[in-house]
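Enquirer: For what it's worth, our numbering labels the leading residue of the sequence shown as 14, then goes sequentially.
Beta carbons are placed, not taken as given, at the ideal position from N, Cα and C, and that holds for glycine.
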Amino acid sequence: MREVVVSSPAKINLSLGVGAVRGDGFHPLATVYQAIGLYDEVAARPGTDGDFSLTVEGDERLSVSEVPTDDSNLAMQAAKLLAARRGVQAAVHLTIHKGIPVAGGLAGGSADAAAALVACDALWGTKTSRQELMTIAAELGSDVPFSLVGGTAIGTGRGEVVAPAMAKGSYWWVVLESEKGLSTPAVYREFDRMHADQPPPAPGVPDQLMAALRTGDIERLGAALSNDLQPAALRLRPELEQSLGYGIEGSAHGAIVSGSGPSCLFLTEGQPHAVQVAGWLKGYGLGPVSFAPGPVAGARVVSR
Ligand code: C5P
């Protein structure tokens with residue numbers, strides 16, 4: 014086989030409940046994930062000289078040059094871990110084509126790792142079970158298992174324990190990007206500082222949110238969006254608060270910081286409504302802005 018191409022979606026958190034930092038440095042989470050139609054693609058082809066190698070391409074508007082191409086790249090780690098677990102001797106060359114903003118709180122690195130797992134498994138013909146792929150994904154990062162699953166799902170543990178959620182309806186999300194990304198660990202550290210005197214309660218998924226998803230009620234969904242990391246992200250990027258307000262003024266049903274930020278999300282009814290809200294934000298000189306439907310499927314082979 015010469016090449017396998019896998020596409021993998023961005024993730025957003027419709028709710029992100031965060032508890033007090035654990036002994037291992039991670040935070041217990043209770044989150045509702047949704048995969049949205051902004052995609053990275055990972056192409057895997059046989060490596061030369063027994064080497065694992067990686068190139069990254071895409072629009073510099075997405076800060077593509079900030080993606081490492083060495084062993085710190087999560088997709089590279091994914092390929093090597095799968096090879097080790099499955100006893101594969103062959104090497105691989107990965108080409109990541111970015112469509113997801115880098116360090117935007119949209120789990121682009123996790124999407125690449127999930128795509129690399131699926132692509133290498135197909136390239137090598139290792140036929141790894143779904144269960145084992147999920148186990149390897151969890152070792153790579155908290156969001157990687159969800160990137161494999163997609164759709165709408167509940168995440169617990171440090172985010173890596175994923176179960177599908179009962180959800181109806183499809184939505185369009187306007188994504189407001191920032192020129193400069195935010196570091197996820199830095200936002201969690203800010204969260205810890207903000208809770209230094211009073212530890213946060215154990216995290217939970219809001220009942221209101223689950224009810225809105227079960228009925229597909231967009232008004233209710235917009236009102237129930239929540240993110241415990243948002244105050245920390247806003248402390249690091251105070252200007253985002255105004256951006257969220259502009260989206261509501263522009264008729265979005267809800268506005269929230271995406272994960273650890275700095276991307277902001279605006280809930281809309283369909284593509285025409287998304288175009289309208291995106292235009293409103295651009296009218297304030299904000300951007301870049303994109304929009305995408307959700308939920309969509311997780312990492313999948315698009316060509317081989
Ligand atoms: O799991 P992942 O490697 O994506 O996490 C990146 C960083 O985000 C961690 O090193 C940690 O600082 C923070 N994190 C956390 N609690 C989580 C998930 C991530 O503190 N549940």
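DSSP state of I167, grouped into three classes?
Expert: I167: strand per DSSP, three-state reduction.
Enquirer: Have a look at W186 and Q284 and give me their C-alpha separation to the nearest angstrom.
Expert: Their Cα atoms are separated by approximately 9 Å.
Enquirer: Taking 7 Å as the threshold (C-beta atoms), are A132 and S160 in contact?
Expert: The answer is no: Cβ separation not under 7 Å.
Enquirer: Between A91 and A129, which are expected to be in contact by the criterion C-beta below 8 Å, what is the C-beta distance as a whole number of angstroms?
Expert: So it is a contact: roughly 4 Å between Cβ atoms.
Enquirer: Return the chain-ordered ranges of every beta strand (DSSP E) run that is complete within the stretch 123–211 and spans a minimum of 3 residues.
Expert: Listed in chain order, they are 165–169, 174–177 and 184–189.
Enquirer: Leaving aside the five residues before and after L222 along the sequence, list all residues of the same chain whose C-beta is less than 8 Å from its C-beta, in chain order.
Expert: The residues are L27, S28, V45, L234, A237, L238 and S239.
Enquirer: Report whether the distance from the Cβ of S155 to the nearest heavy atom of ligand 1 is below 6 Å.
Expert: S155 Cβ: within cutoff of ligand 1.
Enquirer: Contact check, L249 vs E190 under 8 Å by CB: the rounded distance?
Expert: That pair is no contact at about 16 Å.
Enquirer: Does the distance from the CB of L195 to the CB of S273 come in under 7 Å?
Expert: Taking 7 Å as the Cβ cut-off, L195 and S273 qualify as a contacting pair.
Enquirer: Which one of L226, A56, G154 and L51 has the shortest CA to CA distance from A305?
Expert: Of the listed residues, the one whose Cα sits closest to A305 is L51.
Enquirer: So, do the stretch 260–267 and the stretch 209–220 have three or more beta carbon pairs nearer to each other than 8 Å?
Expert: Contact between the stretch 260–267 and the stretch 209–220 is absent, because fewer than three Cβ pairs lie under 8 Å.
Enquirer: Taking the alpha helix (DSSP H) that Y46 falls in, what are its first and last residues?
Expert: No alpha helix (DSSP H) contains Y46, which is instead part of the beta strand (DSSP E) from L42 to P59.
Enquirer: Got a sec? Which residues, its chain only, sit under 7 Å from A245 by beta carbon, not counting five neighbours each side?
Expert: Once the five neighbours on either side are set aside, the close Cβ partners of A245 are V200, E203, F204 and M207.
Enquirer: Could you check whether the Cβ of L161 sits closer than 6 Å to any heavy atom belonging to ligand 1?
Expert: Incorrect: L161 has no Cβ contact closer than 6 Å to ligand 1.
Enquirer: Does DSSP put A310 in a helix, in a strand, or in coil?
Expert: Strand.
Enquirer: So for G235, helix, strand or coil by DSSP?
Expert: Residue state, collapsed to three classes: helix.
Enquirer: Going by DSSP, what residue range makes up the alpha helix (DSSP H) through I261?
Expert: Taken as a continuous stretch (DSSP letters only), the alpha helix (DSSP H) holding I261 covers E252 to E262.
Enquirer: When you compare each of A103, P308 and Y184 to H286 by their alpha carbons, which one comes out closest?
Expert: If we check each option's Cα against that of H286, Y184 comes out closest.
Enquirer: By how many angstroms is the C-alpha of L87 removed from the C-alpha of R227?
Expert: Straight-line Cα distance between these residues: approximately 34 Å.
Enquirer: Sort Q102, I269, G154 and T108 by Cα distance to G122 and report the nearest one.
Expert: The shortest Cα separation from G122 among Q102, I269, G154 and T108 belongs to G154.
Enquirer: Going by other Cβ atoms of all chains shown within 10 Å of its Cβ, with 16 needed for buried, is N176 buried or exposed?
Expert: This sequence places Ala at residue 176; Asn is not what is there. Looking at its Cβ environment, which holds fewer than 16 other Cβ atoms inside 10 Å, A176 is exposed.
Enquirer: Have a look at P219 and G60 and give me their C-alpha separation to the nearest angstrom.
Expert: In a straight line, the C-alpha of P219 is about 47 Å away from that of G60.
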